[in-house]
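Residue numbers (this note's numbering), protein chains in the order written: chain A, 1 to 195; chain B, 196 to 290.
From the three backbone atoms N, C-alpha and C, an ideal C-beta is built for every residue, glycine too.
The structure is reproduced here in structure tokens:
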């Protein structure tokens with residue numbers, strides 16, 4: 001490996017290696033799939049409780065989903081973190097983006113409930129931000145489109161009071177904003193790990 | 196026209212690949228560098244030692260699940276040397 005390189009070859013090598021480093025994100029697909037499934041289940045359960053005479057209990061599925069997602073996500077994150085062979089600064093940025101989202105979401109839920117408002121539409125709008133940003137940081141188009149979808153659906157949810165339609169809109173946004181990008185991201189991660 | 200001399204430590208395929216890789220990450224384990232550079236274990240060890248002795252990278256040895264773990268991180272001196280190297284090759288290419 002002591003062969004000499006031309007400046008052009010050096011530059012090419014630098015670009016290739018920096019590109020490799022940039023693509024070495026931690027695996028994130030698990031979180032999109034986990035939260036996508038949990039939040040769809042919570043939305044459907046809350047709808048069933050509301051329409052089957054227990055409207056006072058409709059917050060329970062959301063609480064259960066939040067706790068389950070937090071616990072499973074933390075255990076998975078701790079396990080995977082130990083296996084990571086590289087620490088990419090972009091992972092940290094993505095982590096802060098999602099932490100900011102969670103803090104803002106909790107504040108929004110508390111404020112909305114206190115004001116007697118349903119936080120669903122605004123939280124859907126807010127979900128567009130970290131999804132879109134993660135897609136941009138990772139240069140992964142399905143997440144970018146997922147973020148845009150959350151914005152569109154979030155606006156749409158402000159213009160309807162129909163409970164079934166709201167469930168459909170929210171679940172659709174989760175399927176195409178979290179689950180489908182999560183499946184595509186998992187495929188990409190598997191290919192990168194075996195390349 | 197005079198050209199800036201190229202840092203002989205960086206003007207080597209494997210060492211340049213290692214430093215370029217470390218520029219884009221906070222830290223990387225030996226196996227990650229091995230996989231991305233396609234080098235052999237022995238050669239990579241030798242080149243990492245050279246970079247470490249020059250103060251270009253910091254190498255931390257630890258254990259994970261009872262197996263030795265080598266983690267590399269670019270040092271400030273290594274980053275400065277890399278930036279100067281890139282400037283120099285850009286100078287060559289612009290001429």
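Quiz item: Would you say residue 256 of chain B reaches chain A, if we count a Cβ-Cβ gap shorter than 8 Å as a contact?
Solution: no
Quiz item: Could you give the residue range of the alpha helix (DSSP H) that holds residue 263 of chain B?
Solution: Where residue 263 of chain B is concerned, there is no enclosing alpha helix (DSSP H), although the beta strand (DSSP E) it sits in stretches over 262-269.
Quiz item: Which word fits residue 110 of chain A, buried or exposed, when buried means at least 16 other C-beta atoms lie within 10 angstroms of its C-beta?
Solution: exposed
Practice problem: Please determine, among B:289, B:262 and B:274, the residue with the shortest C-alpha to C-alpha distance to residue 249 of chain B. | Solution: B:274
Quiz item: What three-state label does DSSP hand residue 221 of chain B in the structure shown?
Solution: coil
Quiz item: Anyone know if the C-beta pair for residue 213 of chain B and residue 246 of chain B falls short of 8 Å?
Solution: yes
Quiz prompt | Segment contact flag, the stretch 138-151 of chain A with the stretch 181-188 of chain A, C-beta cutoff 8 Å, min 3 pairs | solution = yes
Exercise. Establish whether the CB of residue 10 of chain A and some CB of chain B are separated by less than 8 Å.
Key: yes
Exercise. In angstroms with no decimal places, state the Cα-to-Cα distance between residue 285 of chain B and residue 12 of chain A.
Key: 12 Å
Quiz item: Taking all protein chains shown into account, do 16 or more other C-beta atoms lie within 10 angstroms of the C-beta of residue 195 of chain A, making it buried, or fewer, making it exposed?
Solution: With a pLDDT of 48 at residue 195 of chain A, under the threshold of 50, the modelled position of this residue cannot be trusted; read the value that follows with caution. Result: exposed.
Self-check item: 4 or more residues per run - each alpha helix (DSSP H) lying fully within the stretch 15-75 of chain A
Solution: 29-51
Exercise. Can you say whether residue 91 of chain A is buried or exposed, counting buried as having 16 or more other CB atoms within 10 angstroms of its CB?
Key: buried
Self-check item: 9 Å Cβ cut-off: residues of chain A touching residue 211 of chain B
Solution: 5, 10, 13, 14 and 17
Exercise. Spell out the partners DSSP gives residue 301 of chain B in its beta bridges.
Key: Here chain B has residues from 196 to 290 only, and residue 301 of chain B is not among them.
Self-check item: Cβ shell of residue 1 of chain A (< 8 Å), same chain only, five flanking positions each side left out
Solution: Since pLDDT at residue 1 of chain A reaches only 46, below the 50 mark, its modelled position is unreliable, and the value read off the structure follows with that caveat. Same-chain partners within the cutoff: there are none.
Quiz item: Is the number of C-beta pairs between the stretch 30-47 of chain A and the stretch 224-243 of chain B that are closer than 8 Å three or more?
Solution: no
Quiz item: Nearest chain B C-beta to residue 24 of chain A closer than 8 Å, yes or no?
Solution: yes
Exercise. Report yes if the CB atom of residue 123 of chain A is closer than 8 Å to the CB atom of residue 138 of chain A, and no otherwise.
Key: no
Exercise. Just the C-alpha distance for residue 64 of chain A and residue 254 of chain B, rounded to the nearest angstrom, thanks.
Key: 44 Å
Practice problem: Could you run through the stretch 231-253 of chain B and flag, in chain order, every residue whose CB is less than 8 Å away from some CB of chain A? | Solution: 231, 232, 234, 238 and 242
Quiz item: Which same chain residues, not among the five before or five after residue 105 of chain A, have their C-beta less than 7 Å away from its C-beta?
Solution: 123 and 126
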